[in-house]
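Have a look at the structure below, then the notes.
4 protein chains.
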Amino acid sequence: MNTFGHLLRLTSFGESHGPAIGGVLDGMPAGLRIDLDAVQAELDRRRPGSGAAGTSARRESDTLTVLSGLLDGLTTGAPIAFTIANTDARSSDYDAMRHVMRPGHADAAYMLKYGGIRDHRGGGRASARLTAVVVAAGAIARQFIATAGIAVSARATEIGGATSPAAMELLMKQARACGDTLGGIVECTATGVPAGLGEPLFGKLQAMLAAAMMSINAAKGFDYGDGFAAARMRGSESIDTPQALDSALRSTTNHAGGILGGISIGADITMRVAFKPIATMMRTLPAIADDGTTCTLIPHGRHDVCAVPRAVPVVEAMACLTLGDALLLARASTL
Amino acid sequence: MNTFGHLLRLTSFGESHGPAIGGVLDGMPAGLRIDLDAVQAELDRRRPGSGAAGTSARRESDTLTVLSGLLDGLTTGAPIAFTIANTDARSSDYDAMRHVMRPGHADAAYMLKYGGIRDHRGGGRASARLTAVVVAAGAIARQFIATAGIAVSARATEIGGATSPAAMELLMKQARACGDTLGGIVECTATGVPAGLGEPLFGKLQAMLAAAMMSINAAKGFDYGDGFAAARMRGSESIDTPQALDSALRSTTNHAGGILGGISIGADITMRVAFKPIATMMRTLPAIADDGTTCTLIPHGRHDVCAVPRAVPVVEAMACLTLGDALLLARASTL
Amino acid sequence: MNTFGHLLRLTSFGESHGPAIGGVLDGMPAGLRIDLDAVQAELDRRRPGSGAAGTSARRESDTLTVLSGLLDGLTTGAPIAFTIANTDARSSDYDAMRHVMRPGHADAAYMLKYGGIRDHRGGGRASARLTAVVVAAGAIARQFIATAGIAVSARATEIGGATSPAAMELLMKQARACGDTLGGIVECTATGVPAGLGEPLFGKLQAMLAAAMMSINAAKGFDYGDGFAAARMRGSESIDTPQALDSALRSTTNHAGGILGGISIGADITMRVAFKPIATMMRTLPAIADDGTTCTLIPHGRHDVCAVPRAVPVVEAMACLTLGDALLLARASTL
Amino acid sequence: MNTFGHLLRLTSFGESHGPAIGGVLDGMPAGLRIDLDAVQAELDRRRPGSGAAGTSARRESDTLTVLSGLLDGLTTGAPIAFTIANTDARSSDYDAMRHVMRPGHADAAYMLKYGGIRDHRGGGRASARLTAVVVAAGAIARQFIATAGIAVSARATEIGGATSPAAMELLMKQARACGDTLGGIVECTATGVPAGLGEPLFGKLQAMLAAAMMSINAAKGFDYGDGFAAARMRGSESIDTPQALDSALRSTTNHAGGILGGISIGADITMRVAFKPIATMMRTLPAIADDGTTCTLIPHGRHDVCAVPRAVPVVEAMACLTLGDALLLARASTL
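For the protein sequence lines, the chains are A, B, C and D, in the order given.
Its first residue numbered 1, the first sequence is counted upward by one per residue in the working numbering.
Its first residue numbered 336, the second sequence is counted upward by one per residue in the working numbering.
Its first residue numbered 671, the third sequence is counted upward by one per residue in the working numbering.
Its first residue numbered 1006, the fourth sequence is counted upward by one per residue in the working numbering.
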């Protein structure tokens, strides 16, 4: 369950405060030149302290080390294993947390699931730090899907209800000042997607994308095309009038979000992911100990005000992995 | 890709206008008494012409035939195969449609994916009729998860923007009168879910549920707990204050929707699914032929005004299948 | 676990004495013309009472009914579901067996696994009758791999130690006369297999084939190329001298059995499957009841003397399914 | 395809001459104390130069580094990632081999599969060095299955046809002297296996074990219980007379090899794996270059005379992984 994908498969490992996190990306076709600088650049977009307002102060270089799968800069068809060292993991920061379950975090859930066993250091396996693994793998997948003409980009379209960059910055500054946090929405578009990706009935492209996005920390919702807005539309308002049918189904509108019946039609794929506010705040919070007694969580450590800015490259990465997987699946099913 | 689930697996087969649709439900533990009348009752809730306003006029008895997996009323551990005959499939109704791609439907997508091969009769494999298979399997899964105390129920909370049953009925009547269709939202709650279901990192319970729901015809969005509304909330508004920790994490609120870090915490699981308006309308629509020429779609046949009423049991069924699968997965991972 | 394959997937269902057995073959590329007469002919090769010496007297027509996945004789890309009715299933024959575990059969194993639940009628799910499902699906897969130039054929090379057809017949006649049964070996060759099928490290082609063959009833061993004989050879005797390397690795010998490092090299794939003698014999056997008391099994019913003649088409079918799956997997992994 | 297992899953990575090889073992239940010294001891049994006659001279310490999944010596339920550094990888030894395909090796197969891309350094991904990853993971799995009472042990029962240790040693010495190599057979027994492991129809325990064993380098055959010998036996000779039925099916004989109908019956599981002679010999061999011209392979480097001694711990490891997986699967399928 730490593996994502059918033919292009990412197996993730590591915890927030172990020696390293990493992944194994299996299924990449052989002979693709991989630009590792581009992969590192994606990691830099995501990493804490990268400058974006509202991001954490933990200092990690997030340097990628590739252990296998490349020779002379080309993929060999073998699994690409990589690690990212945890260099700024001050585990002792978390000694006081050994018995405290933070509200809104996975702490209690892991404890309940694993019979009392839990890595209390910075969220352990449930830490958002693990999204770095996704970003690295997604950056490799991005180079693969680019060979098919696919490009993926995402941006924050809403933070705390604000929709303009200036208003978002202002809200984040205000939230930080009062020790609060914000949620928001990331919108993602994939262009150049060939028709025919996605599999009926349970491998619908939107189902694959939804599973991908809902596996990101703090994600609370997913929609595509008109999405939730479609629920309030009339059929006559929400249909794309077909203009042409060649290698794609052409229309001047894209209510469908590029997918019909679970299968891409050659139009842009548009989707949105909603994120809740970060559960860790610089204010005193009621918490609970592992013996069931209530307690108080005193704020300290290093935390983001809003997950959305750093979630943008993660959303892109999950989209790249999903589309890469769908591309391989589609290639398989030909006479 | 016509199989859903990891340990509790539904393999679906059939088309709208073949001799039968059906499924194979594999992984059900042995020794469970199955009430087939209850399964049939679920099918009756979903079937066309079941009386709900806004539903289709196709007459199908949707009678379940079980081919295997039960002996003396008990599951044997063998796969449970079942069929539902297509008795009112007037295929000749669709002769005129052989070359026409209906707008907003999977027709063109299938044609592009399968190299021009497409079952034009009533949507073929992409028909919403296939949701009957999901409902039958879900009704069996429901009886399994009931043994663990889990119950699932859903209801339409919004149709065309209306949130009261009377207003929904009125809007559907109006839409039918003017040959239009409506979208809406189904809300689903699972109670009695034990803590510990869901798997990190890519088998998060919300990811499994999202994939399940986004595989339903016409679904455009999924969220859980506070969902998309969380994007506009502050952290201080969206955290559930923990009250107790025993076999579950107790709180008087449930912003989390019963899941933290991808794992159930013993609270109710709440989720929503958004549906687009049905793409088939009783009005003339611009369409496109398989030779790329534009054409006109003359309305005829038998169609719903809104997918939401009949989607309610389908959403429940997908939730039952997903929770049954998660339950088996959780049982496996114990010392 | 009742599903075989990764991309070309057969889901099997049914028991010896239910209304029908059947399967769902998912993943077949669209647009392939299927000759259903050829599929029926394969079923006829396998069916009881088909004339071969040493085969059972149960009378089944084994008529294939296709429920989905074909339109105008072509695959549509949708799952191909089919049933084979159990028409000569005299369940009452087995009433006396409800509490008796036959020696050498799966009876006790199923009882232990499924908490006392067991279909006692003719072996239930464990019956060799289920191989008909494999044969039908394999016959469809055979038509797919033929498009890539692959042909599969098998034959009995050893029965009871005899290697000539006449000696085999004689031994079977003698065994039948004294109420005994025989084992044997089926050899299978796949020609026209392109280089590149099979996946490192755990999807090696021989590993896929071994799993396929060892899932056949009564199979006790698998080898390929020199197989077990290689254990007694010297390296200098067992290497194929390469003669040319174009789209295949050419040699005048084939110790390798067409596979090196888990990947086909373009030579014939050769393999052998060993079958134990059938455990049901026309003689009184010591047995055990489900209450743990020993008892005696009085022979009756309808049984083969040797599984090998009817296993030949089953071995072929499993090879066809496996190679079809490997072919789809190989197609997926291309830039 | 570099992942083995359903619920207990090993994902392998690395090549003979990269910086490191390693694996990710996912699905281990939480709370199990892991003795890493015992894991290292298994690695030491397998490693080259460990003293056994007929083994390679490459010097590797094969030191295990665990990156994740353990806290305070206990499994946490998170994936256990580990690496084994390649410290004695003299890649330049292989410069001359860049264009040469060694006979009997995977070289040409990989080249054909991956469009000319191939890691020529010591076999790359196909190197037997990768079995160290299996051994490490198997040693962890061994500690898990021990909690259920299962123990696994294997031994070389035949080398070059010899069956006594003294004769095996002598044959290996002779083979080394004349630059030749030998094959052999490893026999493996699992004791304490509870009844009920293995899944019908395609997850039969022998099918899982066969796939496991046939994924080991140089393995050419697998059988269990009476195995290939059963092909020459009569039914009356090959049936185990049942003596008692409690939590297991008891008999004084074990022709079945502990499995009936694909499911363990509580008796010892016995199996054999046949290995071909090592293809690299200290003698001049005809080879072929990647341009299709024939050439000569001059012997050099560091190589074993027989794979069997070092294959013993690998066979055990694959058995441990398979039985651990089957154990988790069996636990899942309970009411």
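Heads up, the beta-carbon is just placed ideally off N, CA and C, and yes, glycines get one too.
Since we're looking at a predicted model, the values are computed, not measured.
>> So, at 6 Å on beta carbons, what are the nonlocal neighbours of residue 51 (chain A) in its own chain, with the 5 sequence-adjacent residues on each side left out?
In response: Its pLDDT being 49, under 50, residue 51 (chain A) is placed unreliably in this model, and the coordinates cannot settle the point.
> Rounded to the nearest angstrom, how far is the Cβ of residue 328 (chain A) from that of residue 27 (chain A), given a contact under 8 Å?
Replying inline: Yes, they are in contact, since the Cβ atoms of residue 328 (chain A) and residue 27 (chain A) sit about 6 Å apart, within 8 Å.
>> If we define contact as Cβ-Cβ less than 7 Å, is residue 741 (chain C) a contact residue for chain A?
In response: For residue 741 (chain C), the answer is no, since every Cβ of chain A falls outside 7 Å of its Cβ.
>> Any beta carbon from chain D within less than 7 Å of residue 819 (chain C)'s own beta carbon?
In response: No, no contact with chain D.
>> Which residues in chain B have a C-beta closer than 8 Å to the C-beta of residue 764 (chain C)? List them in chain order.
In response: Listed along the chain, the chain B residues whose CB falls inside 8 Å of the CB of residue 764 (chain C) amount to none; the nearest CB is some 12 Å away.
> Around the C-beta of residue 533 (chain B), are 16 or more other C-beta atoms found within 10 angstroms, so that it is buried, or is it exposed?
Replying inline: So residue 533 (chain B) counts as buried.
> Terminal residues of the continuous beta strand (DSSP E) containing residue 995 (chain C)?
Replying inline: Per DSSP, residue 995 (chain C) belongs to no beta strand (DSSP E); it is in the alpha helix (DSSP H), 978-1002.
> From the DSSP output, which residues share a beta bridge with residue 26 (chain A)?
Replying inline: Residue pairing by DSSP puts residue 26 (chain A) in a beta bridge opposite A:9.
> Relative to the C-alpha of residue 407 (chain B), which residue among C:764, C:796, C:788 and C:906 is closest?
Replying inline: Of the residues C:764, C:796, C:788 and C:906, the one whose Cα lies closest to the Cα of residue 407 (chain B) is C:788.
> Is the Cβ-Cβ distance between residue 685 (chain C) and residue 403 (chain B) less than 7 Å?
Replying inline: Taking a C-beta distance under 7 Å as the contact criterion, residue 685 (chain C) and residue 403 (chain B) qualify as a contact pair.
> Should residue 703 (chain C) be flagged as near chain A, meaning a C-beta pair shorter than 7 Å?
Replying inline: No, its Cβ sits nowhere closer than 7 Å to a Cβ of chain A.
> Between D:1048, D:1115 and D:1109, which lies nearest to residue 1089 (chain D) when the distance is taken from Cα to Cα?
Replying inline: When only C-alpha atoms are compared, the closest one is D:1048.
> With which residues is residue 21 (chain A) paired in a DSSP beta bridge?
Replying inline: Answer by DSSP bridge pairing, in chain order: A:84.
> Just the Cα atoms here: how many angstroms apart are residue 105 (chain A) and residue 279 (chain A)?
Replying inline: Looking at the two C-alpha atoms, the distance is approximately 7 Å.
>> Under 7 Å, Cβ to Cβ, is there at least one residue of chain D near residue 290 (chain A)?
In response: By this cut-off, residue 290 (chain A) is not an interface position.
> Which residues mark the beginning and the end of the beta strand (DSSP E) in which residue 401 (chain B) is found?
Replying inline: First-last of the beta strand (DSSP E) with residue 401 (chain B): 399-401.
> Start and end of the alpha helix (DSSP H) containing residue 928 (chain C)?
Replying inline: From DSSP, residue 928 (chain C) is part of no alpha helix (DSSP H); its letter is neither H nor E.
> How long is the line joining the alpha carbons of residue 225 (chain A) and residue 555 (chain B), rounded to whole angstroms?
Replying inline: When rounded, the distance between both Cα atoms is 7 Å.
> residue 1339 (chain D) versus chain B: which residues are under 7 Å apart at the beta carbon?
Replying inline: At a C-beta separation below 7 Å, residue 1339 (chain D) has these neighbours in chain B: 364 and 666.
>> Give me the chain A residues within the contact set of residue 1008 (chain D), using Cβ-Cβ distance strictly less than 8 Å, ordered along the chain.
In response: Chain A residues near residue 1008 (chain D): 3, 9, 11 and 26.
>> Could you check whether residue 292 (chain A) and residue 566 (chain B) sit closer than 7 Å to each other, using their CB atoms as the reference points?
In response: Their beta carbons are not under 7 Å apart, which means residue 566 (chain B) does not touch residue 292 (chain A) by this criterion.
>> Taking the alpha-carbon of residue 1186 (chain D) as reference, which of D:1069, D:1290 and D:1022 has the nearest alpha-carbon?
In response: Per the C-alpha coordinates, the member of D:1069, D:1290 and D:1022 positioned closest to residue 1186 (chain D) is D:1290.
> If residue 296 (chain A) sits next to residue 287 (chain A), beta carbons under 8 Å apart, how far is it from one beta carbon to the other, in whole angstroms?
Replying inline: The beta carbons of residue 296 (chain A) and residue 287 (chain A) sit about 6 Å from each other, so the pair counts as a contact at 8 Å.
> When you compare only the Cα positions, how much space is there between residue 112 (chain A) and residue 588 (chain B)?
Replying inline: Straight-line spacing of the CA atoms in residue 112 (chain A) and residue 588 (chain B) works out to 19 Å.
>> If I follow the unbroken beta strand (DSSP E) through residue 1293 (chain D), where does it start and stop?
In response: Where residue 1293 (chain D) is concerned, the enclosing beta strand (DSSP E) stretches over 1290-1294.
> Looking at residue 1273 (chain D) and residue 1327 (chain D), is the spacing between their C-beta atoms short of 7 Å?
Replying inline: Cβ atoms of residue 1327 (chain D) and residue 1273 (chain D): not closer than 7 Å.
> Shorter than 7 Å from the beta carbon of residue 297 (chain A) to some beta carbon of chain C?
Replying inline: Output row for residue 297 (chain A): interface = no.
>> Strictly under 7 Å for the Cβ-Cβ distance: is residue 1197 (chain D) near chain C by that measure?
In response: Taking Cβ atoms only, chain C never reaches closer than 7 Å to residue 1197 (chain D), which makes this a no.
>> Starting from residue 822 (chain C), trace the beta strand (DSSP E) in both directions and tell me its first and last residue.
In response: In the DSSP assignment, residue 822 (chain C) falls within the unbroken beta strand (DSSP E) covering 821-829.
>> By alpha-carbon positions, which one of C:752, C:708 and C:758 ends up nearest to residue 731 (chain C)?
In response: The option with the nearest alpha carbon to residue 731 (chain C) is C:758.
> Smallest Cα separation from residue 1041 (chain D): which of D:1087, D:1189, D:1251 and D:1053?
Replying inline: Closest in alpha carbon position to residue 1041 (chain D), among D:1087, D:1189, D:1251 and D:1053, is D:1087.
>> Let me make sure I understand the geometry here. Which of C:756, C:970, C:704 and C:943 has the alpha-carbon closest to that of residue 763 (chain C)?
In response: The shortest CA-to-CA distance from residue 763 (chain C) to any of C:756, C:970, C:704 and C:943 is the one to C:970.
>> Taking beta-carbon pairs under 9 Å, can you tell me which members of the segment 647-661 of chain B lie near chain C?
In response: If the cut-off is 9 Å between Cβ atoms, the segment 647-661 of chain B has nothing near chain C.
> Just checking my contact of residue 347 (chain B) with residue 487 (chain B) at CB under 8 Å: how many whole Å lie between their CB atoms?
Replying inline: With 8 Å as the limit, residue 347 (chain B) and residue 487 (chain B) do not qualify as a contact, their Cβ atoms being about 20 Å apart.
> Does DSSP classify residue 631 (chain B) as helix, strand or coil?
Replying inline: It is a strand residue.
> Comparing alpha-carbon positions, which option in C:761, C:904 and C:920 lies nearest residue 1189 (chain D)?
Replying inline: Of C:761, C:904 and C:920, the residue nearest in Cα terms is C:904.
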